[in-house]
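Enquirer:
There are 2 protein chains.
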Amino acid sequence: MLIESIHSPADVKKLSSADMRHLASEIRELLIKKLHKHGGHVGPNLGFVEATIALHYVFNSPEDKIVFDVSHQTYPHKMLTARAGAWLDEARYDDVSGYSEPSESPHDHFIIGHTSTSISLAAGLAKARDLLGQKHNVIAVIGDGSLSGGEAFEGLDNLAEQGTNAIVVFNDNQMSIAENHGGLYQSLAELRASNGQAPGNYFKALGLDYRYVADGNDVDALIAAFSEVKDIGHPVVVHINTVKGKGYAPAESNKEAWHWTMPGFDIATGARKSGEWIGSRVADHLLAKMQEHPDLVVINAAVPAMLGFDKTRRERAGRQFVDVGICEEHACAFASAIAKGGARPVWSVASTFLQRTYDQLSQDLCINNNPATILVTAASLLGMNDVTHLCWFDIPLLCNIPNMTYFCPTSEAEYFAMMDWAIAVRERGPVAIRQPENGVATNDAAILQDYSSCGYDITRHGSDVAILGLGNFYKLVGELADALAEKGINATLVNPRCATIIDTNTLESLKAEHKVVITLEDGVVDGGFGDKIARYYGNSSMRVLVRGAAKKFEDRYAYSSILEANGLTVPQLVASATAALAATRPQ
Amino acid sequence: MLIESIHSPADVKKLSSADMRHLASEIRELLIKKLHKHGGHVGPNLGFVEATIALHYVFNSPEDKIVFDVSHQTYPHKMLTARAGAWLDEARYDDVSGYSEPSESPHDHFIIGHTSTSISLAAGLAKARDLLGQKHNVIAVIGDGSLSGGEAFEGLDNLAEQGTNAIVVFNDNQMSIAENHGGLYQSLAELRASNGQAPGNYFKALGLDYRYVADGNDVDALIAAFSEVKDIGHPVVVHINTVKGKGYAPAESNKEAWHWTMPGFDIATGARKSGEWIGSRVADHLLAKMQEHPDLVVINAAVPAMLGFDKTRRERAGRQFVDVGICEEHACAFASAIAKGGARPVWSVASTFLQRTYDQLSQDLCINNNPATILVTAASLLGMNDVTHLCWFDIPLLCNIPNMTYFCPTSEAEYFAMMDWAIAVRERGPVAIRQPENGVATNDAAILQDYSSCGYDITRHGSDVAILGLGNFYKLVGELADALAEKGINATLVNPRCATIIDTNTLESLKAEHKVVITLEDGVVDGGFGDKIARYYGNSSMRVLVRGAAKKFEDRYAYSSILEANGLTVPQLVASATAALAATRPQ
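Structure (structure tokens):
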């Protein structure tokens, strides 16, 4: 294959136009083959093959620095920068991450996985270059979906003022993960329709120079456009019109479904297994609730399918479902104000993306104490395991903001009960609920219906050791109790229900017959639930063992290894508990 | 005075045009009089007097809902909504807050103090209205400075798509707190120069309808414009060109200095006392460091004076000082990338505004582990005391993100030593330093120069009780030790230096001769430093007392009362420590 002769971008520069078109088809073939076996981002990569070849043909990476927004379109870039082996050889599929990764290659400058940051990062690289008296091109690659995030606006606005070399390749494939949302997209459509000439030009309004490429999958047109802006002395946007999913018919015809894929689809037809999962049950539950409450509105920032709201369900919900695009800050303030206005907002957001809106959670929502409901999805060590998408920092994020209540149900039944209560009750402050992840235990206890003043639920009374299993980790409690029973310890089991409630009555009552308390939480321990319990018992003789994940960035970890590394396996927990109990006995 | 006859907006509607002009001059007189005695926001209020009168003349508040961005321009609004007493009567000056406050009046809908949120909040109110089948106008008032924040872009973009009634009054006074920054401001200038006709229209590019009012301090012109858009069926921007500081000559001529004022200026001349303070010493120190390191760049988001970088110092710094405008997200990613590019970024940000960039701290900075330096200012219970500007949530915010190091110096000398080390050393990850606040003790111990692998500093060896006084609260340590000595307790004193380091050697060594550890931190305890110490000692017999502020929003508090309320006075601490120590003794 031609790709096997590409050892660095220098080899791309030797290719003829025909070679490059051939290379593009090889890249697509390799992409589909690995995606079929391995899963990953489909549409973003297929649409950006020619642009990647053209970038490496025109610019001199790594001296010229390319920053990819979200970096989910970097597979072709990786293939052209000495990492094609991770597509050519199935045994090496896991050699590379799904995102840009400086530890893999000098052609990658940042670890990136959240959107809308590339222009600010490119502005910083350009500023460093200018301060150090260097000369090279800095290029940001950003898609139309990412433009709806406020940080992309901030970056463009500042880049214009910075005034020195910076090239923004605006990859307009007319899709976010689902369809785009926002007034901006109408004026982008007008730019495309007018071959870049329409007067309502967002980029020019921000003071930026602008070029348009009508066919962003034509490698010759791209090379011409990039050559024209290479070494330019001021910031410029090169707007390229591409086809998301280009070259794979199923992905071209259903762009939303083929943004990303699990492995195992049928290559010829694109047929995929569909399965029952919690998302679709939640969506159906919310659709039913919308009938009951015409003022209930479900809000989501650009990942509606993560919530089970596929196209059909979005249509059924009508104006009671709002996708705001990729802008969690707006989503949070919007939800707070809807609650203030007397309606019932339910905002669903993945744990990792909740991070994008700390200040709005604090200022717009919690200071104002409005009764919005937040469903936090994928929040678990079982959630996404790329370092940029870790879903286990939400407990410290939410729990240290006053007025926020963060429920952590232990089962789907408990989750729906909490959700129903939150939707029904308006005399309350902000409530977030952590969607239980696969494999949570069904708590056999009767499910509480009224959470207005709930405390911890002691599900089994024992002595010596009390185990507080928060949310998803309640599932560890039963097994641990059985194992402790074998050591003659009859542990007390507790479902705390909520990460923000310190149930002092229960905690005090445990002092009478217990010497050790173990807290278990499915997230980072620093700043989390267990730390608050440790503080509570700090001025007492109670021993407290706080167990969860250590404060550390992990990448592409196995769930079982992270449990092991953090002393969360049942044998490890038994050993810790028995040792702690022994230490409390008079010598 | 005419203002005394205004009991509600209904009374404004009865006024003639001449009456309204007279009312405007009365409002200005009252503003200056109270500002002179009380301090507060000057320019934003003076410039928005006529617009406030016109809004209340045309619209029917509170049915029609006005949301003020930042809400630092709401003094005239408060006067017209039954709160003029708080300006007319010196004894009632403190009846109102400096921001919009629903508990004061039904004409205020949100507690707001951070910028760029008004459009998202208005969008939410409009959505609730539409869901509930109500009819009323929703109006957002936003200044040009606030437009540089990404959330304002997100709000505008979404408002356009929402498509129903919403009116954005864009108050363009050609100033942020200091001068504006960003490419957008050039196209806004072109709109003003062309009476709203220039083609590069940011709002139209986002799909919004648009009107222009050339003199935004002409109440008749404003009434005409607002009347035209009242009950409009789609979103519209009314761009009004106002004069910041209008009607008070010193404020008109020096807009940056008169954005906000302390009390006590000379009304006739505007002369104010200038004093030495830590900000100017930090700025001078950084200017000197810029000479030494031509690749050092100081970054700030729109509050350069908080860092001591007044106009003169900004000019001296040249390209080594960057004000990015109000956009902390960009500032954070920009700083990370400058560090990655090989230069030395120092980003200064107030504790309360650091909250606006959690995700960039985590993703762009900490995951990438780049050696940027952050100076966190005003971070203390002694910082700003409005509920929207609390400066004591930064420890949990920063300390629970992996790879972040958060130094908390106890004195100015230690602060500069840490800063110098951070600027000099590039082989490190992200470092934040908490600027010491007024009144911190000078730590007599020799100041460490190399912080590469520092641990806690035991400044006095004692027994039984060890006191860990973090940063600003190290000042409590000496007094507490003296008071404990009177009870026969010879306490050990520790300067932990850093909120993110758990110095296990020191903590273990304390076990030998101590039974009680007290942690003191100048911030909220939840998720902070003390919680980590409590967890560390959780599985031991050490008693830990964690002291700081309770997790609770406080508004306009007195420093002394918040210490008292949290058991932080020396007598309270002595009582807690002696009781804890007594409890460890065999009965």
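Protein chains in written order, with the working numbering: chain A, 998 to 1584; chain B, 998 to 1584.
By construction, the Cβ of each residue, glycine as well, lies at the ideal position given by its N, Cα and C atoms.
All figures in this text were calculated on a predicted structure; none of them were measured in a lab.
Any idea if Glu1151 of chain A is buried or exposed, counting beta-carbon neighbours within 10 angstroms, 16 or more meaning buried?
Expert: Counting from one through the first sequence, the residue named residue 1151 of chain A turns up at place 154. Counting Cβ neighbours within 10 Å, Glu1151 of chain A comes out buried, since at least 16 surround it.
Enquirer: Anything in chain E within Cβ reach of Cys1324 of chain B, meaning under 9 Å, just list it in chain order.
Expert: Structure shown: chain E not included; protein chains present are A and B.
Enquirer: Of all the beta strand (DSSP E) runs that stay within the bounds of the stretch 1411 to 1470 of chain A, which reach a length of 3 or more residues?
Expert: Runs of the beta strand (DSSP E) inside the stretch 1411 to 1470 of chain A: 1428 to 1431, 1454 to 1457 and 1461 to 1466.
Enquirer: Starting from Arg1126 of chain B, find everything on chain A with Cβ-Cβ shorter than 9 Å and list it in chain order.
Expert: The sequence position of residue 1126 of chain B within the second sequence is 129, counting from 1. Under the 9 Å cutoff, chain A gives Gly1338, Gly1339 and Ala1340.
Enquirer: For chain A, is any of its Cβ atoms less than 8 Å away from the one on Ser1100 of chain B?
Expert: Taking the second sequence and counting its residues from 1, the one referred to as residue 1100 of chain B is at position 103. Output row for Ser1100 of chain B: interface = no.
Enquirer: Going by DSSP, what residues sit across from Phe1065 of chain B in a beta bridge?
Expert: As a working note, residue 1065 of chain B is residue 68 in the second sequence. Looking at the DSSP assignment, Phe1065 of chain B forms a beta bridge with B:Val1138.
Enquirer: Shorter than 8 Å from the beta carbon of Leu1490 of chain B to some beta carbon of chain A?
Expert: Translated into positions along the second sequence, residue 1490 of chain B becomes position 493. With 8 Å as the cut-off, Leu1490 of chain B does not count as an interface residue toward chain A.
Enquirer: Can you give me the C-alpha to C-alpha distance between Leu1465 of chain B and Pro1099 of chain A, rounded to a whole angstrom?
Expert: Residue mapping note: residue 1465 of chain B aligns to position 468 of the second sequence, counting from 1. Residue mapping note: residue 1099 of chain A aligns to position 102 of the first sequence, counting from 1. Cα to Cα, Leu1465 of chain B sits roughly 39 Å from Pro1099 of chain A.
Enquirer: Do we get a CB-CB distance below 8 Å when we pair His1111 of chain A with the residues of chain B?
Expert: Position 114 of the first sequence, counted from the start, is the residue given in the question as residue 1111 of chain A. So, interface residue.
Enquirer: Please compile the residues from chain B whose C-beta is within a distance smaller than 7 Å of the C-beta of Glu1158 of chain A.
Expert: Here the question's residue 1158 of chain A lines up with position 161 in the first sequence. Residues of chain B passing the Cβ test: His1178, Gly1179 and Gly1180.
Enquirer: Considering only the alpha carbon of each residue, which of A:Ala1265, A:Asn1168 and A:Ala1478 lies closest to Ala1599 of chain A?
Expert: Because chain A here runs from 998 to 1584, residue 1599 of chain A falls outside it and cannot be looked at.
Enquirer: Within the 8 Å Cβ cut-off, does Arg1532 of chain B reach chain A?
Expert: For the purposes of this step, residue 1532 of chain B is identified with residue 535 of the second sequence, where counting begins at 1. Closer than 8 Å: yes.
Enquirer: Are the stretch 1374 to 1382 of chain A and the stretch 1549 to 1566 of chain B touching, with three or more C-beta to C-beta distances below 8 Å?
Expert: Contact between the stretch 1374 to 1382 of chain A and the stretch 1549 to 1566 of chain B is absent, because fewer than three Cβ pairs lie under 8 Å.
Enquirer: Under 8 Å, do Ala1299 of chain A and Gly1142 of chain A count as touching if we go by C-beta distance?
Expert: By 1-based counting over the first sequence, the position of residue 1299 of chain A is 302. By 1-based counting over the first sequence, the position of residue 1142 of chain A is 145. Yes. Within cutoff.
Enquirer: Strictly below 7 Å CB to CB, what residues from chain B border Arg1540 of chain A?
Expert: One-based indexing of the first sequence puts residue 1540 of chain A at position 543. Gly1535 and Asn1536, listed in chain order.
Enquirer: Indicate the three-state DSSP secondary structure (helix, strand or coil) for Asp1479 of chain A in the structure shown.
Expert: As a working note, residue 1479 of chain A is residue 482 in the first sequence. Helix.
Enquirer: Would you please verify whether the beta carbon of Lys1549 of chain A is less than 8 Å from any beta carbon of chain B?
Expert: For the purposes of this step, residue 1549 of chain A is taken as residue 552 along the first sequence, with counting starting at 1. Answer yes: the Cβ-Cβ gap between Lys1549 of chain A and chain B drops below 8 Å somewhere.
Enquirer: Mind checking which residues open and close the beta strand (DSSP E) that includes Asn1168 of chain B?
Expert: Locating residue 1168 of chain B in the second sequence gives position 171, counting from the first residue. Here the beta strand (DSSP E) through Asn1168 of chain B covers Ala1163 to Asp1169.
Enquirer: Name the residue from B:Gln1070, B:His1053 and B:Lys1011 whose alpha carbon lies nearest to the alpha carbon of Gly1040 of chain B.
Expert: In the second sequence, residue 1040 of chain B corresponds to position 43, counting from 1. For Gly1040 of chain B, the nearest C-alpha among the options comes from B:Gln1070.
Enquirer: Using a beta-carbon distance below 8 Å, is Phe1526 of chain A in contact with chain B?
Expert: Sequence index remark: in the first sequence, residue 1526 of chain A carries index 529 (1-based). So no, Phe1526 of chain A is outside the interface.
Enquirer: Taking a cut of 8 Å between CB atoms, which residues from the stretch 1388 to 1410 of chain A lie near chain B?
Expert: Cβ contacts with chain B come from Phe1390, Pro1393, Leu1394, Cys1396, Asn1397, Ile1398, Pro1399 and Asn1400.
Enquirer: Strictly by DSSP, which residues pair up with Asn1238 of chain B?
Expert: Stepping through the second sequence from its first residue, residue 1238 of chain B is reached at position 241. Note: Asn1238 of chain B sits in a beta bridge opposite B:Asp1169.
Enquirer: With a threshold of 8 Å between beta carbons, is Ala1202 of chain B in contact with chain A?
Expert: Along the second sequence, one-based indexing puts residue 1202 of chain B at 205. Interface residue, yes.
Enquirer: Helix, strand or coil for Leu1372 of chain B per DSSP?
Expert: Residue numbering aside, residue 1372 of chain B sits at position 375 when the second sequence is read from its first letter. Here Leu1372 of chain B sits in strand by DSSP.
Enquirer: For Leu1012 of chain A, I'd like the list of residues in its chain whose CB is within less than 7 Å of its CB, leaving aside the five on either flank, ordered along the chain.
Expert: Counting from one through the first sequence, the residue named residue 1012 of chain A turns up at place 15. Leu1020, listed in sequence order.
Enquirer: With a threshold of 16 other CB atoms inside 10 Å of the CB of Met1076 of chain B, please say whether the residue is buried or exposed.
Expert: Locating residue 1076 of chain B in the second sequence gives position 79, counting from the first residue. By the neighbour-count rule (16 or more Cβ atoms within 10 Å), Met1076 of chain B is buried.
Enquirer: Please decide whether Lys1529 of chain B counts as near chain A, where near means a Cβ-Cβ distance under 8 Å.
Expert: Residue 1529 of chain B sits at position 532 when you count from the first residue of the second sequence. It does: the Cβ of Lys1529 of chain B has a partner Cβ on chain A nearer than 8 Å.
Enquirer: Would you kindly check if the distance between the Cβ of Thr1385 of chain B and the Cβ of Ile1398 of chain A is under 8 Å?
Expert: On the first sequence, position 401 is the one that residue 1398 of chain A refers to. On the second sequence, position 388 is the one that residue 1385 of chain B refers to. Against a cut-off of 8 Å, the Cβ pair of Thr1385 of chain B and Ile1398 of chain A comes out as no contact.
Enquirer: Say whether the stretch 1207 to 1222 of chain A touches the stretch 1128 to 1145 of chain A, bearing in mind that this needs 3 or more beta-carbon pairs closer than 8 Å, one atom from each stretch.
Expert: Output reads no: the stretch 1128 to 1145 of chain A does not touch the stretch 1207 to 1222 of chain A.
Enquirer: Which of the three DSSP states, helix, strand or coil, is assigned to Thr1112 of chain A?
Expert: To locate residue 1112 of chain A, count along the first sequence from 1; it is residue 115. If DSSP states are grouped into helix, strand and coil, Thr1112 of chain A belongs with coil.
Enquirer: So, does the CB of Gln1357 of chain B fall closer than 8 Å to a CB anywhere in chain A?
Expert: The sequence position of residue 1357 of chain B within the second sequence is 360, counting from 1. Yes, its Cβ sits closer than 8 Å to a Cβ of chain A.
Enquirer: List the residues of chain B that Glu1058 of chain A touches, going by C-beta distances under 7 Å, in chain order.
Expert: As a first step, residue 1058 of chain A must be located in the first sequence, where it is residue number 61. The question names Glu, but residue 1058 of chain A in the sequence shown is Ser. Result: empty, since nearest Cβ-Cβ is about 15 Å, beyond 7 Å.
Enquirer: Name the chain A residues whose beta carbon is nearer than 9 Å to that of Val1521 of chain B?
Expert: Position 524 of the second sequence, counted from the start, is the residue given in the question as residue 1521 of chain B. Under the 9 Å cutoff, chain A gives Asn1397 and Pro1399.
Enquirer: Could you list which residues in chain A have their beta carbon closer than 8 Å to that of Phe1306 of chain B, in chain order?
Expert: Numbered from 1 along the second sequence, position 309 holds the residue referred to as residue 1306 of chain B. Per Cβ cutoff of 8 Å: no residues; Phe1306 of chain B is ~17 Å from chain A at best.
Enquirer: Let me check one thing: in DSSP terms, what residues is Leu1224 of chain A bridge-paired to?
Expert: Position 227 of the first sequence holds residue 1224 of chain A. The sequence given here has Ser at residue 1224 of chain A, not Leu. None, per the DSSP bridge assignment.
Enquirer: Of all the CB atoms in chain A, is at least one closer than 8 Å to the CB of Ile1335 of chain B?
Expert: By one-based count along the second sequence, residue 1335 of chain B stands at place 338. So yes, Ile1335 of chain B belongs to the interface.
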